[in-house]
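Asker: Following this message is one structure expressed as structure tokens.
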DNA sequence: CTGTTAGCGCGTTCAT
DNA sequence: ATGAACGCGCTAACAG
């Protein structure tokens, strides 16, 4: 075929279904080659002013949008970060991811987000599909992952950030706080207040349970008094906070003392229920929440809570990654951002 | 070089920095070609049981994870959907996206999510970068987009889903409800209740303002009474709900009537403030919210609100897309999912 | 059932 | 300052 050709020609298949404008097409229109278009986009200073102008005109005329897929394949940098969170409707994770996304976006990265719903097996599967996108980094919530997941992560060779929990031996980078410490601190806070009875209401998260367990253990150690515990497997809601408090009162005869809730939402519900039943907050029953959510200081009574700086987690994680991308030789492996008890009126 | 070769050999560059295992490598280990590996993964029935086994062994041994970037480039199907929402920390959008994601994930798609923060210019920029990822579809919040954005979207030729608002002439597919109608319905509800005075508190969203405007206009038309309006540019919070109610009482002398809030969060704050000042809800002041959020039925008094089925938006959007991917010839262009007034005790 | 060949659209050399 | 050639890792025909 092509018998008369002097040099082998590449067959250009008839482009019926337009798949989108290519750099090649832009170049043709501007009278330059594809590479020049590429350069004009990645580093305009490498192209003469005249051709740059023509290229920009061609881009405008064609509505060209670069194909990041092809770019990623060629350069093996995807400008993509993937992130796994237990739940995107949980404000705690959403706020963290928002701060992270904003910072990363400013640096030219985009975020592929998935929910794992607290299930390690689901997390493992999701990690695999995320890795197939060849992200430039991956962000995980928590520090507990299946062995297979760890293996895949390590094998991928990409930076891994674990947030929202803390360990001295992270896979790679870790930004978080010690959940157990929050429980201990709350127990100490209760004892200092003079509480001699305590209960807990927790929901949803494995980390919430760890906080609760630490609270109970420490409170019992300090006072010798056992702690009544109400647990919900499902996510925290105001309704469950109410139900938890109702059970504490009805089933455990809890009518005086402090209630440690694993989230402000639960605390809010608990306060509503106790108030409705005529208990004084914090006079009869004191309540301490977790998260310092938007509403915590504005309901009645304002909720005493444990605050963690969600935005800081996101920002710090992004900054650590960005530094790593720039080839920092001394990676910040583990950062404990701590927490703070915000004393308001509910306890 | 390679002087003695009988046929041209492809130069295999020395792979020092392992970029990840390839199908080629897996195939070598299994004693088959790269394509066979590809087939084993995409359609195992096209491969003999024996080779399938060997390939799976090789995959397990190497920890191979397919490169979706390369796959997308070759097939021009990315299995990626990108989505734009005003805010990911707003439960309304988060819940919608969650439902959408889950459905799409079951079908093998992943979601690239970005926040646009109610800014059309930002949306336009974000659409461009999203389009560069060559998604199989794009989901937008709302129906108002810049002309340039519309052009890019149309030019891309990919399915576009607009959610959370309704128009008869969508870019492509539209799933939502008529915000103006909710305001009208609330006004009618108020008049039927016998309210002769009304006020509004709104925040954040352009659509919230449209709901509010429709409420005010309709209420005034029905009763002849003007409506006091409090607006916040920032997002809805309990604090702003309280402040809004405070201003209504202090600045507008509003001590009796109904308050239409653009979100349950605002309504919650408004109720707290009014209650604290000794007003009876709904006896003195009635409050109606929007969203039927998790807590709406569990605070005191339970909040009367306008409910829209967020999960249904997400699911329906996903289903419409999936049907479109399967080549449905009769696309469902515009679906109005409506809304519902949930009467509880606050109004 | 399996292999060969030819791109997908771009970044990356290496020339000029 | 610009271009030619090549390959990133995979899917899509087309052979056999």
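Residue numbers (full-length UniProt numbering), protein chains in the order written: chain A, 1 to 347; chain V, 1 to 347. Heads up, the beta-carbon is just placed ideally off N, CA and C, and yes, glycines get one too.
1) Applying the criterion that 16 or more other CB atoms from any shown protein chain within 10 Å of the CB defines a buried residue, is residue 35 of chain A buried or exposed?
2) How long is the line joining the alpha carbons of residue 90 of chain A and residue 337 of chain A, rounded to whole angstroms?
3) In chain order, what residues of the same chain lie with their CB nearer than 8 Å to the CB of residue 161 of chain V, ignoring the 5 residues before and after it?
4) Which residues bound the beta strand (DSSP E) around residue 257 of chain V?
5) Consult DSSP for residue 291 of chain A and reduce its assignment to one of helix, strand or coil.
6) To the nearest angstrom, how far is the alpha carbon of residue 264 of chain A from that of residue 188 of chain V?
7) Quick check: the Cα distance between residue 158 of chain A and residue 70 of chain A, rounded to an integer number of angstroms?
8) Excluding sequence positions up to five away, which residues of its chain have a Cβ less than 8 Å from the Cβ of residue 72 of chain A?
9) For residue 231 of chain A, name the three-state secondary structure that DSSP assigns.
10) Could you work out which residues of chain V lie near residue 152 of chain A, taking near to mean beta carbons separated by less than 9 Å?
11) For the beta strand (DSSP E) that residue 308 of chain V lies in, which residues bound it at each end?
12) Skipping 5 residues on each side, what residues in its chain have a beta carbon closer than 7 Å to that of residue 152 of chain A?
13) Using a Cβ cut-off of 7 Å, pull out every chain A residue sitting near residue 276 of chain V, in sequence order please.
14) Near residue 246 of chain V, what residues of its chain come up, given a Cβ to Cβ distance below 7 Å and the 5 sequence neighbours on each side ignored?
15) Quick one: which chain A residues come within Cβ less than 7 Å of residue 239 of chain V?
16) Is the CB of residue 69 of chain A under 9 Å away from at least one CB in chain V?
17) When you compare the segment 61-68 of chain A with the segment 53-62 of chain V, are there three or more beta-carbon pairs, one atom per stretch, that lie closer than 8 Å?
18) Per DSSP, residue 198 of chain V is paired with what?
19) Quick check: residue 344 of chain A and residue 269 of chain A, are their CB atoms within less than 9 Å of each other?
20) Compute the distance between the beta-carbons of residue 191 of chain A and residue 219 of chain A, then report whether it is under 9 Å.
21) By the three-class DSSP mapping on this structure, what secondary structure does residue 114 of chain V have?
22) Is the CB of residue 249 of chain A under 9 Å away from at least one CB in chain V?
23) Go through the segment 140-228 of chain A residue by residue and report every complete run of the beta strand (DSSP E) that reaches 3 residues or more, in order.
24) Just to confirm my understanding: we take residue 228 of chain A, look at its own chain, exclude 5 residues before and 5 after, and list those with CB closer than 7 Å. What are they?
25) From which residue to which residue does the alpha helix (DSSP H) around residue 94 of chain V run?
26) Tell me which same chain residues have a C-beta within less than 7 Å of the C-beta of residue 339 of chain A, skipping the five on either side of it?
27) Check residue 337 of chain A in the structure and name its three-state DSSP category.
28) Is residue 55 of chain A helix, strand or coil when you go by DSSP?
29) Find out if the Cβ-Cβ distance for the pair residue 315 of chain A, residue 99 of chain A is shorter than 9 Å.
30) Sorted by chain position, which residues of the same chain lie with C-beta nearer than 6 Å to residue 384 of chain A's C-beta, five sequence neighbours on each side aside?
31) Between residue 269 of chain V and chain A, is there a C-beta pair that is closer than 9 Å?
32) Taking the Cβ atom as the reference point for each residue, do residue 349 of chain V and residue 168 of chain V lie within a distance shorter than 9 Å?
33) Please state the DSSP three-state secondary structure of residue 325 of chain V.
34) Can you tell me the Cα-Cα spacing of residue 250 of chain V and residue 222 of chain V, whole angstroms?
35) Provide the residue span of the alpha helix (DSSP H) that contains residue 69 of chain A, from first to last.
36) State the CB to CB distance for the pair residue 186 of chain A and residue 288 of chain A, rounded to an integer number of angstroms; the pair is presumed to be in contact (CB under 8 Å).
Answerer: Walking through what the data contain:
1) By the Cβ neighbour-count rule, residue 35 of chain A is exposed, with fewer than 16 other Cβ atoms within 10 Å of its own.
2) So the two alpha carbons sit approximately 20 Å from each other.
3) For residue 161 of chain V, where only same-chain residues beyond five positions count, the Cβ hits under 8 Å are 137, 138, 139, 140, 172, 173, 174, 175, 317, 320, 321.
4) Segment 257-261, the beta strand (DSSP E) holding residue 257 of chain V.
5) When secondary structure is reduced to three states using DSSP, residue 291 of chain A falls in the coil class, being assigned neither helix nor strand.
6) In this structure, the CA atom of residue 264 of chain A is about 36 Å from the CA atom of residue 188 of chain V.
7) Cα to Cα, residue 158 of chain A sits roughly 20 Å from residue 70 of chain A.
8) Once the five neighbours on either side are set aside, the close Cβ partners of residue 72 of chain A are 78, 79, 80, 134.
9) Note: residue 231 of chain A maps to strand in three-state DSSP.
10) Going along chain V in sequence order, the residues near residue 152 of chain A (Cβ under 9 Å) are 63, 65.
11) Run containing residue 308 of chain V: none; DSSP gives neither H nor E here.
12) So the list reads 127, 128, 131, once near-sequence residues are dropped.
13) Within chain A, the residues near residue 276 of chain V are 300.
14) In the same chain as residue 246 of chain V, and ignoring 5 residues on each side of it, the C-beta atoms closer than 7 Å to its own belong to 273, in chain order.
15) Neighbours of residue 239 of chain V in chain A, taken as residues whose beta carbon is under 7 Å from its own, are 298 in chain order.
16) Closer than 9 Å to some Cβ of chain V, the Cβ of residue 69 of chain A qualifies, so yes.
17) Touching, no, given that fewer than three Cβ pairs across the two stretches are closer than 8 Å.
18) V/258.
19) No, the pair does not count as a contact, with Cβ atoms beyond the cut-off.
20) It is a contact, given that the beta carbons lie within the stated cut-off.
21) Residue 114 of chain V falls in the strand class under three-state DSSP.
22) Answer no: the Cβ-Cβ gap between residue 249 of chain A and chain V never drops below 9 Å.
23) Counting only runs of 3+ residues, the beta strand (DSSP E) found wholly inside the segment 140-228 of chain A occupies 160-163, 173-176, 198-203, in chain order.
24) The answer, listed in chain order, is 199, 248, 252, 254.
25) Counted as a single uninterrupted DSSP element, the alpha helix (DSSP H) harbouring residue 94 of chain V occupies residues 91-106.
26) So the qualifying residues of the chain are 177, 182, 306, 307, 308.
27) In the structure shown, residue 337 of chain A sits in coil (DSSP, three-state: anything other than H, G, I, E or B).
28) Looking at residue 55 of chain A - three-state DSSP - the assignment turns out to be helix.
29) A contact, by the Cβ cut-off of 9 Å.
30) The question about residue 384 of chain A has no answer here: the residues shown for chain A are numbered 1 through 347.
31) Yes - at least one Cβ of chain A is within 9 Å of the one on residue 269 of chain V.
32) Outside the displayed span of chain V (1 to 347) sits residue 349 of chain V, for which this structure offers no information.
33) The answer is helix: DSSP assigns residue 325 of chain V an H, G or I state.
34) When rounded, the distance between both Cα atoms is 26 Å.
35) Counting along the chain, the alpha helix (DSSP H) containing residue 69 of chain A begins and ends at 68-75.
36) The pair is a contact, with the Cβ atoms about 6 Å apart (cut-off 8 Å).
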